[in-house]
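Presented below is the structure to which this report refers.
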Amino acid sequence: MRESQTIKEFLDRNLITVQKPGRYVGGEFNQIVKKWDSVSCHVALVFPDIYDIGFPNLGISILYDIINKHDDALAERVFAPWMDMEKLLRENEVPLFTLENKKPLNQFDLIGFSIPYETLYTNVLNMLQLADLPIWASERLASDPIIIAGGHATFNPEPMHAFFDAFVVGEGEEVIDEIINVIKHDKEKGYKREQIIDHLAMIDGIYIPGYFDVEYNSDKTIRSYINKEQPNKHSITKRFSKKLPTPPQYPLVPNINVVHDRIVVEIMRGCSRGCRFCQAGMIMRPIRERCIDEIILSMRNIVINTGISEISLLSLSSSDYTDIKELIDKVMELSDEFNLAFSLPSLRIESFNSDLMDSLEGKRKGNFTIAPEAGSDMLRSVINKPIPNSSVLETVQNICEKGWNNIKLYFMIGFPNESMQDIEGIVTLCKKVNDIGKKSNKGRFKLHLSINTFIPKPHTPFEWVGLGKKEQIIEKTNYLRENLKNSRIQVDFSDFNSSYLESVLSRGDRKLSKVIYSAWENGAKFDAWKECSNFENWDKAFSSNSIDPDFYTHRSRETTEIFPWDHINIGVDKEFLIKEFDLSKNMQTSIDCRHECLVCGIQTNFQINCSKIKSVGVEE
Amino acid sequence: MRVRISYQKRLQIRYTSTLDLQSIWERSMRRASIKVEYSKGFHPQPRIQLGVPLPLGCIGLDEKVDIWLKGSLSIEEISRKLQGKLPEGLEINTIEEIMPTEKPLSSIIQFSEYEVYLLNEETPIKDIQNRITKVLNQKEIIRTKRNGKKYDLKPLILSITLKDDNEERPSILIKLLSQSNRTGRADEVMFALGFSITDFLVERIGSFT
Numbered sequence: 010m011r012e013s014q015t016i017k018e019f020l021d022r023n024l025i026t027v028q029k030p031g032r033y034v035g036g037e038f039n040q041i042v043k044k045w046d047s048v049s050c051h052v053a054l055v056f057p058d059i060y061d062i063g064f065p066n067l068g069i070s071i072l073y074d075i076i077n078k079h080d081d082a083l084a085e086r087v088f089a090p091w092m093d094m095e096k097l098l099r100e101n102e103v104p105l106f107t108l109e110n111k112k113p114l115n116q117f118d119l120i121g122f123s124i125p126y127e128t129l130y131t132n133v134l135n136m137l138q139l140a141d142l143p144i145w146a147s148e149r150l151a152s153d154p155i156i157i158a159g160g161h162a163t164f165n166p167e168p169m170h171a172f173f174d175a176f177v178v179g180e181g182e183e184v185i186d187e188i189i190n191v192i193k194h195d196k197e198k199g200y201k202r203e204q205i206i207d208h209l210a211m212i213d214g215i216y217i218p219g220y221f222d223v224e225y226n227s228d229k230t231i232r233s234y235i236n237k238e239q240p241n242k243h244s245i246t247k248r249f250s251k252k253l254p255t256p257p258q259y260p261l262v263p264n265i266n267v268v269h270d271r272i273v274v275e276i277m278r279g280c281s282r283g284c285r286f287c288q289a290g291m292i293m294r295p296i297r298e299r300c301i302d303e304i305i306l307s308m309r310n311i312v313i314n315t316g317i318s319e320i321s322l323l324s325l326s327s328s329d330y331t332d333i334k335e336l337i338d339k340v341m342e343l344s345d346e347f348n349l350a351f352s353l354p355s356l357r358i359e360s361f362n363s364d365l366m367d368s369l370e371g372k373r374k375g376n377f378t379i380a381p382e383a384g385s386d387m388l389r390s391v392i393n394k395p396i397p398n399s400s401v402l403e404t405v406q407n408i409c410e411k412g413w414n415n416i417k418l419y420f421m422i423g424f425p426n427e428s429m430q431d432i433e434g435i436v437t438l439c440k441k442v443n444d445i446g447k448k449s450n451k452g453r454f455k456l457h458l459s460i461n462t463f464i465p466k467p468h469t470p471f472e473w474v475g476l477g478k479k480e481q482i483i484e485k486t487n488y489l490r491e492n493l494k495n496s497r498i499q500v501d502f503s504d505f506n507s508s509y510l511e512s513v514l515s516r517g518d519r520k521l522s523k524v525i526y527s528a529w530e531n532g533a534k535f536d537a538w539k540e541c542s543n544f545e546n547w548d549k550a551f552s553s554n555s556i557d558p559d560f561y562t563h564r565s566r567e568t569t570e571i572f573p574w575d576h577i578n579i580g581v582d583k584e585f586l587i588k589e590f591d592l593s594k595n596m597q598t599s600i601d602c603r604h605e606c607l608v609c610g611i612q613t614n615f616q617i618n619c620s621k622i623k624s625v626g627v628e629e
Numbered sequence: 008m009r010v011r012i013s014y015q016k017r018l019q020i021r022y023t024s025t026l027d028l029q030s031i032w033e034r035s036m037r038r039a040s041i042k043v044e045y046s047k048g049f050h051p052q053p054r055i056q057l058g059v060p061l062p063l064g065c066i067g068l069d070e071k072v073d074i075w076l077k078g079s080l081s082i083e084e085i086s087r088k089l090q091g092k093l094p095e096g097l098e099i100n101t102i103e104e105i106m107p108t109e110k111p112l113s114s115i116i117q118f119s120e121y122e123v124y125l126l127n128e129e130t131p132i133k134d135i136q137n138r139i140t141k142v143l144n145q146k147e148i149i150r151t152k153r154n155g156k157k158y159d160l161k162p163l164i165l166s167i168t169l170k171d172d173n174e175e176r177p178s179i180l181i182k183l184l185s186q187s188n189r190t191g192r193a194d195e196v197m198f199a200l201g202f203s204i205t206d207f208l209v210e211r212i213g214s215f216t
């Protein structure tokens with residue numbers, strides 16, 4: 010109690026001196042503040058970036074909703090303090106606290122980090138230190154909270170293995186109730202921290218890094234993973250919800266400006282397209298659709314319960330939703346009734362036809378984004394996103410005629426088998442798009458290119474491929490810059506060092522924990538922020554730990570190599586990934602598996618029928 | 008119909024800027040199912056007009072907002088509909104219907120009154136009184152705005168008085184001009200009195216014509 014009081018007094022006095030003090034006070038409409046002593050299980054949900062970025066995170070808001078529905082548990086939120094607040098916390102020796110009850114993190118039973126991308130890792134360490142908690146899991150004491158993590162980045166948990174007591178592999182909403190129940194039960198029985206962790210280990214989908222020993226070969230690759238505690242459990246299989254749970258009906262409404270300040274309703278999870286570079290497409294299988302009635306009812310409820318007038322549909326590929334036309338028509342009716350602004354991201358041009366365009370008629374036209382990814386039809390076969398240039402141009406023609414003036418194109422460079430011809434293809438395609446736009450919309454047309462470095466990700470058919478070499482990426486970048494200048498096309502490039510870092514961290518093994526720690530000690534934090542990223546901190550960290558980062562990035566691997574993430578089972582068989590990899594080498598495509606099963610393993614491994622699972626939420 | 012709402016702004020929401028407060032009101036009205044009128048034009052905006060901006064972090068006891076509503080509702084109905092629909096810290100004092108032709112608040116308000124609470128008790132009361140007298144006797148008080156421009160605070164100050172009715176902590180009452188182009192800030196007065204930003208809490212009692 011006293012601690013919360015001290016924190017409140019600290020805030021009263023100092024908030025006025027920091028940028029956007031609203032980040033640290035909570036009090037949003039629909040916030041849930043339970044009396045601390047009225048529940049036995051206290052969970053802190055942490056997003057390791059600032060409030061403005063973390064607030065809209067759907068994972069956090071879903072878990073917040075589920076946990077707070079337990080009469081005997083509470084969930085409170087924590088975001089990373091910006092530098093100015095961090096300085097004040099340190100100077101005043103105030104521990105990191107939650108927004109709801111202003112409680113220090115060490116008072117919680119469970120701390121759950123949501124980590125969607127790797128460049129948040131150093132922030133995790135920084136926040137643990139600000140919370141006055143031991144950074145190394147091995148140094149935590151009986152009185153310390155259990156600290157766990159989940160989110161897409163943790164599908165390779167190894168680089169962060171030393172900092173977490175446990176990881177949730179897969180969809181958090183599926184397992185959170187089980188975790189809460191173990192903690193409530195064990196706390197009541199007076200079990201010790203280690204025993205609670207042992208009990209968590211019995212939940213499917215929970216990975217306890219401390220249970221595993223790793224042996225290495227002399228070439229530094231992995232020889233084996235051994236589960237010391239559960240010898241028969243060689244791998245941890247991801248959890249997923251067979252039916253998408255109902256979206257939170259009372260999401261929080263921010264009191265200050267945040268990114269993506271809009272209602273987001275997930276309409277579908279997973280994607281059947283099978284783009285070979287796409288990690289989400291592999292780890293989020295199988296496809297599950299939410300029925301139109303539930304989507305519309307949820308939207309209506311959320312509009313009424315929040316008062317927010319901007320809505321957006323979420324999925325990996327919205328236009329692949331089975332009844333997308335009917336859905337959009339109904340969303341349009343709703344948006345007329347409440348005077349809403351509506352955006353529909355993640356459209357695939359294969360399934361975005363003129364019928365859909367007509368449905369969107371009359372709405373204010375924002376950006377229209379197309380992701381051809383590669384510059385030539387051939388390279389698009391390699392990555393299995395077989396959209397011919399002609400379709401890209403045809404779609405552009407159509408949408409320009411329908412009145413869209415801002416087009417954004419996404420490309421990646423550094424794909425396997427990529428040649429300079431493919432890069433020239435990007436230029437040619439963009440110039441053609443620009444010409445079409447200018448012709449139909451005269452002076453108002455704007456083309457925006459976003460060009461990222463391809464990062465081979467774990468659990469994808471390209472996990473054996475090396476990251477493009479710096480010289481090559483820079484040569485390609487320069488070529489694009491040179492040939493697109495004077496074209497009035499706006500071009501954004503990703504920074505190579507950031508891509509390199511993301512590549513190391515996403516493909517690293519356990520040895521990287523020490524590197525991450527050193528980098529953080531050297532001052533690395535907010536690595537995802539352009540103004541904060543400083544590769545020198547990392548360079549030093551690699552050399553002081555005698556780690557060659559190129560081992561993780563540029564090296565091409567044999568398909569026989571054991572990867573650091575091979576004991577994390579996403580339900581897609583390695584044989585399938587290898588088959589896809591082989592097909593890519595021959596520029597052969599695979600079809601969308603909605604039409605014919607490609608036997609990726611998900612059906613047999615989970616004993617499910619994809620077409621049934623897909624519509625579970627639709628038929629009920 | 009056009010209504011003028013008097014409300015309090017305290018607790019966490021005092022850290023919400025005037026700009027963000029606009030959307031707080033818009034969303035609150037939608038939650039309350041009260042239809043707000045929109046401006047005409049290419050990007051229609053809800054017709055919600057906040058009174059004199061309250062600086063970030065200040066408590067407001069009698070803040071005002073004008074809202075144009077579609078159709079006609081009784082004051083009781085508006086009040087009932089808004090119940091439980093405002094974020095924590097915003098509380099309604101009164102709602103009144105005003106003429107649609109009435110001038111905007113920002114153009115009629117002349118001055119605001121503030122009560123400033125001291126968070127430290129170290130400064131002796133006599134000392135504070137001396138500082139006030141000294142400031143009031145100054146010919147000019149040159150301060151620098153955030154944009155680097157210098158200005159004279161002195162003519163913006165109408166009065167500064169020490170309130171010491173034997174309560175635990177004394178407070179300072181400050182009356183400042185609040186016109187659209189001539190507005191004094193209470194924190195600036197406090198700086199002139201020799202206090203630092205973490206020493207005090209500003210409460211606006213009200214703004215007057």
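Protein sequence lines, in the order shown, are assigned to chains F and C. All residue numbers for the first sequence refer to this note's numbering, where the first residue is 10 and numbers rise by one. All residue numbers for the second sequence refer to this note's numbering, where the first residue is 8 and numbers rise by one. Built from N, CA and C at the ideal position, the CB exists for glycine as well. All of these numbers come straight from a predicted model, not from anything done at the bench.
Assess contact between the stretch 188-197 of chain F and the stretch 217-237 of chain F, defined as three or more Cβ pairs (one per stretch) separated by less than 8 Å. Is contact present? no
Whole beta strand (DSSP E) elements within the stretch 57-87 of chain C, 3-residue minimum: 66-75
Could you tell me whether any Cβ in chain F is nearer than 8 Å to the Cβ of C:S125? On the second sequence, residue 125 of chain C is found 118 positions in, with the first residue counted as 1. According to the sequence provided, residue 125 of chain C is Leu. The question's Ser does not apply to it. Chain F, which has no Cβ nearer than 8 Å to the Cβ of C:L125, makes this no.
Name the chain C residues whose beta carbon is nearer than 7 Å to that of F:G31? In the first sequence, the residue the question calls residue 31 of chain F occupies position 22. The answer, in chain order, is Y22 and T23.
Cα separation between F:T131 and C:Q145? Your numbering for residue 131 of chain F matches position 122 in the first sequence. Your numbering for residue 145 of chain C matches position 138 in the second sequence. Taking the straight line from one Cα to the other gives about 52 Å.
Check the DSSP bridge columns for F:A151 and list the partner residues they point to. As a working note, residue 151 of chain F is residue 142 in the first sequence. DSSP output for F:A151 lists no bridge partner at all.
Would you check whether the ligand NAD has a heavy atom nearer than 7 Å to the C-beta of F:E167? Of ligands this structure carries none, so the ligand NAD is not represented either.
Please list, in chain order, the residues of the stretch 303-325 of chain F that have any C-beta partner in chain C closer than 9 Å. Residues of the stretch 303-325 of chain F with a Cβ closer than 9 Å to any Cβ of chain C, in chain order: V312, I313, N314, T315, G316, I317 and S318.
Note down, in chain order, every chain F residue with its Cβ under 7 Å from the Cβ of C:S35. Translated into the one-based positions of the second sequence, residue 35 of chain C becomes position 28. Correct list: G316.
8 Å is my cut-off, CB to CB: does C:E44 come that close to chain F? Counted from its first residue, the second sequence places residue 44 of chain C at position 37. Closer than 8 Å: no.
Opposite F:F351 in the DSSP bridges: which residues? On the first sequence, residue 351 of chain F is found 342 positions in, with the first residue counted as 1. Per DSSP, F:I320.
Buried versus exposed call for F:K237 [16 or more other C-beta atoms within 10 Å across all chains shown]: Indexing the first sequence from 1 puts residue 237 of chain F at position 228. Exposed, because fewer than 16 other Cβ atoms sit within 10 Å of the Cβ of F:K237.
Along chain F, which residues have their Cβ under 8 Å away from the Cβ of C:W94? Numbered from 1 along the second sequence, position 87 holds the residue referred to as residue 94 of chain C. It is Pro, not Trp, that sits at residue 94 of chain C in the sequence shown. By Cβ distance, chain F contributes G36, E37, F38, V262 and N264.
Under 8 Å from the C-beta of C:Q19: neighbouring residues of chain F: In the second sequence, counting from the first residue as 1, residue 19 of chain C sits at position 12. Those are G31, V34, G35, G36 and N264, listed as they occur along chain F.
8 Å Cβ cutoff, F:L105 in contact with chain C: In the first sequence, the residue the question calls residue 105 of chain F occupies position 96. So, not an interface residue.
Buried or exposed: which applies to C:I204, given that a residue is buried once 16 or more other Cβ atoms fall within 10 Å of its Cβ? In the second sequence, counting from the first residue as 1, residue 204 of chain C sits at position 197. So C:I204 counts as exposed.
Would a C-beta distance cut-off of 8 Å place F:V262 and F:G316 closer than the cut-off? Translated into the one-based positions of the first sequence, residue 262 of chain F becomes position 253. Translated into the one-based positions of the first sequence, residue 316 of chain F becomes position 307. Closer than 8 Å, so yes.
For F:N110 and chain C, any beta-carbon pair shorter than 8 Å? For the purposes of this step, residue 110 of chain F is taken as residue 101 along the first sequence, with counting starting at 1. With 8 Å as the cut-off, F:N110 does not count as an interface residue toward chain C.
Excluding sequence positions up to five away, which residues of its chain have a Cβ less than 7 Å from the Cβ of C:P60? Reading the second sequence from its first residue, position 53 is the one you call residue 60 of chain C. So the list reads T25, once near-sequence residues are dropped.
With a threshold of 8 Å, are at least 3 pairs of Cβ atoms found where one atom belongs to the stretch 573-590 of chain F and the other to the stretch 160-167 of chain F? yes
Less than 8 Å between the beta carbons of F:D141 and F:P104, yes or no? Counting from one through the first sequence, the residue named residue 141 of chain F turns up at place 132. Counting from one through the first sequence, the residue named residue 104 of chain F turns up at place 95. In this structure, F:P104 lies closer than 8 Å to F:D141 by Cβ.
Less than 8 Å between CB atoms is the rule here; does F:R519 satisfy it with respect to chain C? The residue labelled residue 519 of chain F in the question sits at position 510 within the first sequence. No, because no Cβ of chain C sits closer than 8 Å to the Cβ of F:R519.
CB contact below 8 Å: F:D93 versus chain C: Walking along the first sequence from the start, residue 93 of chain F turns up at place 84. So, not an interface residue.
By Cβ distance below 7 Å, which residues in the same chain neighbour F:D431 in space, the five residues on each side in sequence not counted? Along the first sequence, read from residue 1 onward, the residue named residue 431 of chain F stands at position 422. Correct list, in chain order: A383, G384, S385 and L388.
Quick check on the burial criterion: 16 or more other C-beta atoms within 10 angstroms. Buried or exposed for F:V184? Taking the first sequence and counting its residues from 1, the one referred to as residue 184 of chain F is at position 175. Under this definition F:V184 is a buried residue.
Top-ranked residue by Cα proximity to C:L208, from C:R138, C:P94, C:N127 and C:N154: Translated into the one-based positions of the second sequence, residue 208 of chain C becomes position 201. The shortest Cα separation from C:L208 among C:R138, C:P94, C:N127 and C:N154 belongs to C:N127.
Within chain C, the residues that F:D548 reaches when beta carbons sit closer than 8 Å: As a working mapping, residue 548 of chain F is identified with position 539 in the first sequence. Under the 8 Å cutoff, chain C gives no residues; its nearest Cβ is about 38 Å from F:D548.
Is there a Cβ of chain C sitting closer than 8 Å to that of F:L343, yes or no? Along the first sequence, one-based indexing puts residue 343 of chain F at 334. It does not; no Cβ of chain C falls within 8 Å.
Of all the beta strand (DSSP E) runs that stay within the bounds of the stretch 149-213 of chain C, which reach a length of 3 or more residues? 149-151, 157-159, 164-170 and 178-184
Suppose the cutoff is 7 Å on Cβ atoms and the five residues either side in sequence are ignored; what does the same chain contact list for F:I59 look like? Taking the first residue of the first sequence as position 1, residue 59 of chain F is located at position 50. Closer than 7 Å at Cβ, skipping near neighbours: R32, F88, A89 and W91.
Boundaries of the alpha helix (DSSP H) in which F:H208 is found, first to last residue: Mapped onto the first sequence, residue 208 of chain F falls at position 199. Residues R202 to A210.
By Cβ distance, which residues of its chain are closer than 6 Å to F:I76, with the 5 residues on each side in sequence left out? Indexing the first sequence from 1 puts residue 76 of chain F at position 67. Hits under 6 Å: V52, A82 and A84.
Within 8 Å, strictly: CB atoms of F:R285 and F:N461: Walking along the first sequence from the start, residue 285 of chain F turns up at place 276. Walking along the first sequence from the start, residue 461 of chain F turns up at place 452. No, the Cβ-Cβ distance between F:R285 and F:N461 is not below 8 Å.
Look at the Cβ atom of C:K16, then the Cβ atom of C:L143, and state whether they are nearer than 8 Å. Counting from one through the second sequence, the residue named residue 16 of chain C turns up at place 9. Counting from one through the second sequence, the residue named residue 143 of chain C turns up at place 136. No; because the gap between Cβ atoms is not below 8 Å, this pair is not in contact.
Could you give the residue range of the alpha helix (DSSP H) that holds F:I408? Along the first sequence, one-based indexing puts residue 408 of chain F at 399. Its alpha helix (DSSP H) spans residues N398 to E410.
If contact is defined by three or more beta carbon pairs under 8 Å, each pair taking one atom from either stretch, is the stretch 534-544 of chain F in contact with the stretch 204-219 of chain F? no
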